[in-house]
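To keep things clear, I will list the structure first and then write my remarks on it.
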Amino acid sequence: MSKLSRLEKLAILADAAKYDASCASSGAAKRNSRESGGIGSTTSIGICHSYAPDGRCISLLKILMTIMCMFDCAYCINRSSSNVRRAAFTVAEVVDLTLDFYKRNYIEGLFLSSGIVRSPDYTMELIVEVARQLREEHGFKGYIHLKTIPEGDADLIARAGRYADRLSINIELPSDEGIAALAPEKDGDRIRRTMARLGTQISDAKAERKRSRKAPVFAPAGQSTQMIVGADASGDDRMLQTSDTLYQRYGLRRVYYSAFSPIPDASRSLPAQAPPLLREHRLYQSDWLLRFYGFSVEEIASTMEGGRLALDMDPKLAWAMTRRDMFPVDVNRAPREMLLRVPGLGARVVDRLIAARRHRRLRLDDVGRLCQSLRKIRPFIETVDWRPSGLLDRADLKARLVPPARATQLALF
Ligand code: SF4
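What follows is the structure in structure tokens.
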């Protein structure tokens, strides 16, 4: 391998890290002063935007330690049989880059992942050493998200938790059969065992901190994972079932869904085309319904055809269309759990409605003032001056509510 400059390594190792969805892009338009001759860029090599646990958008240096890997996961550009240009940072290079970018105010933290070199333990040691040096030798107070390797030694993973704000282990595929077929060196059972252990360590550390502010922190922003959408034949029902299990059993903070992108020289076991991005979006919407809106996987799955979420409407509307008997909901009397099920009503609006109805009986205009649009909501609610009458029974209700294709991409709930 020819000697690469630090900038060349950064270009390679930051590009390879983009396949990890755990850092969400802010969605800003891409502008680059190198092309325009002006000043300032909204994008810079290796910098992504993510959200801190308190909701702040933060910029992270998002890189791999190395793009070499001894594993051969079929869906991964870094796999051992892949014909990509390889590069690796040293611990000192990652530490210097992080400090350098931080001092220049480019970033507020580091997201560090890695291919597996020599052994899972050796790789975990490199990752932990970066975090240790940043925290202990340089007093780095920024955000650190470390990708952990479940095959690594439990003590090493525990050390990672002492330095990192967040840890993640990517489960990648929703079923053990999928893992065995596409990532043969990985073991679904081992991934879940490591997540369980981390979950216990995180909650124990939290409880200990409640007793004493001097108790050590352990991954205070919790653990997350990523699943690839469309790399295997798993349906959305299976993906949501797996996510639900991860949230319930191991206390995961987030499951990220990443639409599979075809890679060069891909294995024949992979689909030739990427799934529609809207499928990823519908999974995120369903994930919110599970976590914040009181829906069960079975309820969401009851709207699916062939295990797939409808693409032409959001999952809450799809559910309401099949359960018209549960509507209209009286906004002046209904419990919060039922208001959360009204298509078009988000959790924040529901809380505002509940606060407002303590002072007066709500009219349709009152609801309209608290939400963006009444169009989707109107057939499913009743107020002092409004009842949808026969609207709910109309055969063309879906056609009246489902926006044209382009708007469907953008509408949330
Ligand atoms: S272990 Fe990680 S980096 Fe290595 S091939 Fe599998 S997914 Fe890629």
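Counting from 15, one number per residue, gives the positions in the sequence shown under our numbering. Just so it is clear, CB atoms sit at the ideal spot from N, CA and C, and this is done for glycine as well. Predicted model only: the values in this text are computed from it and were never measured.
Please name the residue in Leu415, Ile193, Thr239, Thr208 whose C-alpha comes closest to that of alanine 247.
For the purposes of this step, residue 247 is taken as residue 233 along the sequence shown, with counting starting at 1. Answer by Cα proximity: Ile193.
Item to complete: For arginine 373, name the three-state secondary structure that DSSP assigns.
Response: For the purposes of this step, residue 373 is identified with residue 359 of the sequence shown, where counting begins at 1. Per the sequence shown, the amino acid found at residue 373 is histidine instead of arginine. Looking at histidine 373 - three-state DSSP - the assignment turns out to be coil, as it is neither helix nor strand.
Straight-line Cα distance separating arginine 173 from glycine 213: Within the sequence shown, numbered from 1, the residue matching residue 213 stands at position 199. Within the sequence shown, numbered from 1, the residue matching residue 173 stands at position 159. Cα-Cα distance, rounded: 14 Å.
For the ligand SF4, is there a heavy atom less than 7 Å away from the beta-carbon of glycine 129?
-> Taking the first residue of the sequence shown as 1, we reach residue 129 at position 115. Answer for glycine 129: yes, Cβ within range of the ligand SF4.
Can you tell me whether arginine 180 sits near the ligand SF4, meaning its C-beta is under 7 Å from at least one heavy atom of the ligand? In the sequence shown, counting from the first residue as 1, residue 180 sits at position 166. Flag unset: Cβ of arginine 180 not near the ligand SF4.
(Q) Between alanine 280 and the ligand SF4, is there a pair consisting of the residue's CB and a ligand heavy atom that are separated by less than 7 Å? (A) The sequence position of residue 280 within the sequence shown is 266, counting from 1. Checking every heavy atom of the ligand SF4 against the Cβ of alanine 280, none is found closer than 7 Å.
### Query
Smallest Cα separation from glutamate 319: which of Asn346, Asp328, Gly249?
Here the question's residue 319 lines up with position 305 in the sequence shown. With distances taken between Cα atoms, glutamate 319 lies closest to Gly249.
| Between Asp344, Ala361, Ala369, which lies nearest to leucine 378 when the distance is taken from Cα to Cα? | Start at 1 with the first residue of the sequence shown, and residue 378 comes out as number 364. Comparing Cα positions, the closest option is Asp344.
Worksheet item: On the premise that methionine 209 lies in contact with isoleucine 183, defined as a C-beta separation below 8 Å, what is that separation, rounded to the nearest angstrom?
Response: Start at 1 with the first residue of the sequence shown, and residue 183 comes out as number 169. Start at 1 with the first residue of the sequence shown, and residue 209 comes out as number 195. Yes, they are in contact, since the Cβ atoms of isoleucine 183 and methionine 209 sit about 6 Å apart, within 8 Å.
Exposed unless 16 or more other CB atoms sit within 10 angstroms - verdict on lysine 76: Here the question's residue 76 lines up with position 62 in the sequence shown. The residue in question, lysine 76, is buried, as its Cβ has 16 or more Cβ neighbours within 10 Å.
| Residue burial classification, glutamine 237 (beta-carbon count within 10 angstroms, cutoff 16) | Counting from one through the sequence shown, the residue named residue 237 turns up at place 223. So glutamine 237 counts as buried.
Between the C-alpha atoms of lysine 23 and phenylalanine 103, what's the straight-line distance to the nearest angstrom? Your numbering for residue 23 matches position 9 in the sequence shown. Your numbering for residue 103 matches position 89 in the sequence shown. If I take the Cα positions, the gap works out to 7 Å.
Three-state secondary structure (DSSP) at isoleucine 81? Locating residue 81 in the sequence shown gives position 67, counting from the first residue. Here isoleucine 81 sits in coil by DSSP.
Next item on the list: Pick out whichever of Asn92, Arg100, Asp203 has its Cα sitting closest to the Cα of serine 19.
Entry: As a first step, residue 19 must be located in the sequence shown, where it is residue number 5. Considering only alpha carbons, the answer is Arg100.
* When we look at the beta-carbon of valine 403 and count the other beta-carbons within 10 Å, is it buried (16 or more) or exposed? -> The residue given as residue 403 occupies position 389 in the sequence shown. At residue 403 the sequence reads serine, which differs from the valine that was named. By the neighbour-count rule (16 or more Cβ atoms within 10 Å), serine 403 is not buried but exposed.
**Message:** Quick test of the definition: if touching needs 3 or more C-beta pairs under 8 Å, does the stretch 119-127 touch the stretch 189-205?
**Reply:** no
- Task: With a floor of 4 residues, list each alpha helix (DSSP H) that falls wholly inside the stretch 226-285, ordered by position along the chain.
- Result: 250-264
Taking the Cβ atom as the reference point for each residue, do alanine 315 and proline 289 lie within a distance shorter than 8 Å?
Taking the first residue of the sequence shown as position 1, residue 315 is located at position 301. Taking the first residue of the sequence shown as position 1, residue 289 is located at position 275. No. Outside cutoff.
**Request:** Using three-state DSSP, classify leucine 24 as helix, strand or coil.
**Result:** Against the sequence shown, residue 24 aligns to sequence position 10. In the structure shown, leucine 24 sits in a helix (DSSP, three-state: H, G or I).
Endpoints, the beta strand (DSSP E) within which leucine 181 is located:
Within the sequence shown, residue 181 is the residue found at index 167, counting from 1. It spans 180-182 - the beta strand (DSSP E) in which leucine 181 sits, taken as one unbroken run.
Please indicate yes or no: does the CB of arginine 99 lie closer than 7 Å to some heavy atom of the ligand SF4?
-> Walking along the sequence shown from the start, residue 99 turns up at place 85. It does not: the Cβ of arginine 99 is nowhere closer than 7 Å to a heavy atom of the ligand SF4.
Self-check item: Cutoff 8 Å; reference methionine 253; Cβ partners in own chain excluding five residues on either side
Solution: The residue labelled residue 253 in the question sits at position 239 within the sequence shown. Here the set comprises Pro188, Met241, Val243, Tyr271, Leu297.
- Cα-Cα separation, histidine 6 to glutamine 287: The structure shown does not extend to residue 6, since the chain spans only 15 to 427, so no value can be given for it.
**Message:** Taking the beta carbon of serine 95 as the centre, do at least 16 other beta carbons fall within 10 Å, making it buried, or is it exposed?
**Reply:** Walking along the sequence shown from the start, residue 95 turns up at place 81. Counting Cβ neighbours within 10 Å, serine 95 comes out exposed, since fewer than 16 surround it.
Excluding sequence positions up to five away, which residues of its chain have a Cβ less than 8 Å from the Cβ of arginine 132? Along the sequence shown, one-based indexing puts residue 132 at 118. If we look at arginine 132 and ignore the five residues flanking it on each side, its Cβ neighbours are Met84.
Going by DSSP in three states, threonine 57 sits in which element: helix, strand or coil? As a working mapping, residue 57 is identified with position 43 in the sequence shown. Here the model assigns threonine 57 a pLDDT of 48, short of 50, so the residue's position is not dependable, and the following value carries that caveat. Reduced to three states, the DSSP call for threonine 57 is coil.
- Item | aspartate 29 versus Gly202, Gly156, Val98, Ile185, residue with shortest Cα-Cα distance | One-based indexing of the sequence shown puts residue 29 at position 15. Residue Val98 is the option with its Cα nearest to aspartate 29.
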